[in-house]
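Participant: Sequential numbering of the sequence shown, starting at 844, is according to the working numbering. For each residue, glycine too, the CB sits at the ideal point set by N, CA and C. Owing to the predicted nature of the structure, the values given are computational and were not obtained by experimental measurement.
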Amino acid sequence: MPMKADLWFPTVIWNDQLKDVNNAELKEYVEKLAEEDKEGKVASNYGGWQSKSFEILDQKPVSIERFIHALQRSINECTKMAGMPDLIISDYWWNINYHKDYNQPHNHRDSILSGVYYIDVPEDSDSKIHFDREDEAQYYLPRFMPQRNQITAVRATYSPVNNGILIFPSWVIHYVDGNKSQKPRMSMSFNTSIAATEANNELAKMNGYPPLTQNE
Ligand SMILES: [Fe+2]
């Protein structure tokens, strides 16, 4: 019998395609936001435009409401798969990276799972997102390996596509290559917190905690 391999503490990066999302609608909305708030906010982005952070309870058009519901359904799949408590999108923001703009290595504080949805990725942008290995194995693993796999990889890289969604633990360091296209690259990012659902309140009660209230 071959040796059995148990994978403990893996870095999970969920990915999917949300085919039903209307990107044209989102694009129009984000372009308008960027027009109204030209300065935006500077966070991990070098260059480009990042919107202010929106709270989940902030007023928003029905189209955005619908889109956020679709994201929430993906999060629900992840938490169910991982056996985690229900999480809810707590805040979100919109990103436009113009030619050569990129995102420096960062993680997302005050969040449990985070994610990104790709609204418009120009084909020639060649702007990948990289997730770094969380432990220090990269300093110990031999530099020359027959092939890297999920056990020996030191980095996970994804090439974004339109309608693609990635959901990952908020503590995993990630960064985005510069946009090589002359056309802008547009995405939306979000964070999560514990949801005030009945199931979570039951969990809280069982552990001697007071009931949860949303957006605490
Ligand atoms: Fe990020």
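Verify the contact flag: H942, CB atom, against every heavy atom of ligand 1, threshold strictly below 8 Å.
Facilitator: Start at 1 with the first residue of the sequence shown, and residue 942 comes out as number 99. For H942, the distance from the CB to the nearest heavy atom of ligand 1 is not below 8 Å.
Participant: Are there 16 or more other CB atoms within 10 angstroms of the CB of Y960, so buried, or fewer, so exposed?
Facilitator: Within the sequence shown, the letter at position 117 stands for residue 960. Answer is buried; the Cβ neighbour count reaches 16.
Participant: Residues with a Cβ closer than 7 Å to any heavy atom of ligand 1, in chain order?
Facilitator: S887, N946, H949, H951, S957, V959, H1017, S1032
Participant: What residues match up with F1033 in a beta bridge as DSSP calls it?
Facilitator: Looking up residue 1033 in the sequence shown gives position 190. In the DSSP output, where bridge partners are listed per residue, F1033 has Y935, G958.
Participant: I want to check one thing, is the minimum distance from the CB of D849 to the heavy atoms of ligand 3 below 8 Å?
Facilitator: What this structure holds is ligand 1, not ligand 3.
Participant: Within 10 angstroms of its Cβ, does Q947 collect 16 or more other Cβ (buried), or is it exposed?
Facilitator: Walking along the sequence shown from the start, residue 947 turns up at place 104. A residue is called buried when at least 16 other Cβ atoms come within 10 angstroms of its Cβ; Q947 does not meet this threshold and is exposed.
Participant: Beta-carbon within less than 7 Å of K943's beta-carbon, same chain only, minus the 5 sequence neighbours each way: which residues are those?
Facilitator: Within the sequence shown, residue 943 is the residue found at index 100, counting from 1. The residues are G890, G1021, N1022.
Participant: The alpha helix (DSSP H) spanning T922 covers which residue range?
Facilitator: Walking along the sequence shown from the start, residue 922 turns up at place 79. That run of the alpha helix (DSSP H) goes 905-925.
Participant: In this structure, how does DSSP classify Q990 when only helix, strand and coil are distinguished?
Facilitator: Along the sequence shown, read from residue 1 onward, the residue named residue 990 stands at position 147. Coil.
Participant: Write down the C-beta distance between D963 and K870 rounded to the nearest angstrom, noting that I regard them as a contact closer than 8 Å.
Facilitator: The residue you call residue 963 lines up with position 120 of the sequence shown. The residue you call residue 870 lines up with position 27 of the sequence shown. 6 Å between Cβ atoms; contact.
Participant: Under three-state DSSP, which class holds N946?
Facilitator: Within the sequence shown, residue 946 is the residue found at index 103, counting from 1. Strand.
Participant: Measuring only the C-alpha atoms, how far is G1051 from M1029?
Facilitator: Locating residue 1051 in the sequence shown gives position 208, where the first residue counts as 1. Locating residue 1029 in the sequence shown gives position 186, where the first residue counts as 1. Between the alpha carbons of G1051 and M1029 lies a distance of about 44 Å.
Participant: Run through the DSSP bridge pairs and tell me what L850 is partnered with.
Facilitator: Numbered from its first residue, the sequence shown carries residue 850 at position 7. Residue pairing of L850 in beta bridges, as defined by DSSP: absent, with no partner found.
Participant: From the DSSP secondary-structure annotation, give me the bridge partner or partners of P1012.
Facilitator: Residue mapping note: residue 1012 aligns to position 169 of the sequence shown, counting from 1. DSSP output for P1012 lists L956 as bridge partner(s).
Participant: Quick check on the DSSP output: the alpha helix (DSSP H) that includes V873 runs from which residue to which?
Facilitator: Start at 1 with the first residue of the sequence shown, and residue 873 comes out as number 30. Its alpha helix (DSSP H) spans residues 866-879.
Participant: N1044 lies in the alpha helix (DSSP H); which residues open and close that run?
Facilitator: Position 201 of the sequence shown holds residue 1044. N1044 -> alpha helix (DSSP H) spans 1041-1049.
Participant: From the DSSP output, read off the bridge partner residues of L1055.
Facilitator: Working through the sequence shown from its first residue, we reach residue 1055 at position 212. For L1055, which the question treats as bridged, DSSP gives no partner whatsoever.
Participant: Which same chain residues end up closer than 8 Å to I932 when comparing Cβ atoms and leaving out the 5 residues on each side of it in sequence?
Facilitator: Start at 1 with the first residue of the sequence shown, and residue 932 comes out as number 89. Answer for I932: I899, I911, L914, Q915, I918, F1033, N1034, T1035, listed in chain order.
Participant: Could you tell me if M844 is buried or exposed, where buried requires 16 or more neighbouring beta carbons within 10 angstroms of its beta carbon?
Facilitator: Start at 1 with the first residue of the sequence shown, and residue 844 comes out as number 1. Its Cβ having fewer than 16 others within 10 Å, M844 is exposed.
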